[in-house]
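*Asks:* Letter 10 of the sequence shown, counting from 1, is numbered 10 in full-length UniProt numbering, and no numbers are missing.
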Amino acid sequence: MLTLETLIEFLGWSTLINFTFLLMTTLAIMFLREPIIKIHAELFNLNKEDLSRAYFNYVALYKILIIVFNLVPYIALKIIV
1 MLTLETLIEF
11 LGWSTLINFT
21 FLLMTTLAIM
31 FLREPIIKIH
41 AELFNLNKED
51 LSRAYFNYVA
61 LYKILIIVFN
71 LVPYIALKII
81 V
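#1: Tell me which residue opens and which closes the alpha helix (DSSP H) that residue 4 is part of.
#2: Let's test the definition: count the other Cβ atoms within 10 Å of the Cβ of residue 74 and tell me whether it reaches 16, buried, or not, exposed.
#3: Identify which residue in 48, 26, 3 has its Cα closest to the Cα of residue 34.
#4: Using the rule of at least 16 other Cβ atoms within 10 Å of the residue's Cβ for burial, across every protein chain shown, is residue 55 buried or exposed?
#5: Rounded C-beta distance between residue 22 and residue 70? I'm assuming under 8 Å.
#6: With DSSP run on the structure shown, which of helix, strand or coil describes residue 46?
#7: What first and last residue would you give for the alpha helix (DSSP H) that runs through residue 75?
Okay, structure coming up:
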């Protein structure tokens with residue numbers, strides 16, 4: 001049975017794991033941009049500007065989704081318990 005404490009713990013770990021993945025992705029894009037762009041440009045036939053925009057959109061959307069679906073419910077449940 002899912003208790004409130006279990007749900008809070010799940011959301012906490014989920015938030016931590018997702019933010020860690022977001023940080024690793026951001027660092028990879030920052031420091032390995034050229035090799036990543038070269039691979040993706042060949043795979044998807046996109047130019048550098050389009051790929052830079054796609055990377056930014058991906059990171060921004062992923063961050064928003066983490067906040068909306070992990071962090072905010074975690075904080076709300078911590079407040080009411």
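Cβ coordinates follow ideal geometry from the N, Cα and C atoms, glycine included. Remember, predicted model here, so these are calculated numbers, not experimental data.
*Replies:* The relevant details are as follows:
#1: Reading the sequence shown from its first residue, position 4 is the one you call residue 4. Per DSSP, residue 4 belongs to the alpha helix (DSSP H) from 4-31.
#2: As a first step, residue 74 is located in the sequence shown; it is residue number 74 there, counting from the start. So residue 74 ends up on the buried side.
#3: Along the sequence shown, read from residue 1 onward, the residue named residue 34 stands at position 34. Of 48, 26, 3, the residue nearest in Cα terms is 48.
#4: By one-based count along the sequence shown, residue 55 stands at place 55. Burial call: buried.
#5: Residue 22 sits at position 22 when you count from the first residue of the sequence shown. Residue 70 sits at position 70 when you count from the first residue of the sequence shown. Residue 22 to residue 70, Cβ: 11 Å. No contact.
#6: As a first step, residue 46 is located in the sequence shown; it is residue number 46 there, counting from the start. Correct three-state label for residue 46: coil.
#7: Here the question's residue 75 lines up with position 75 in the sequence shown. Residue 75 -> alpha helix (DSSP H) spans 72-80.
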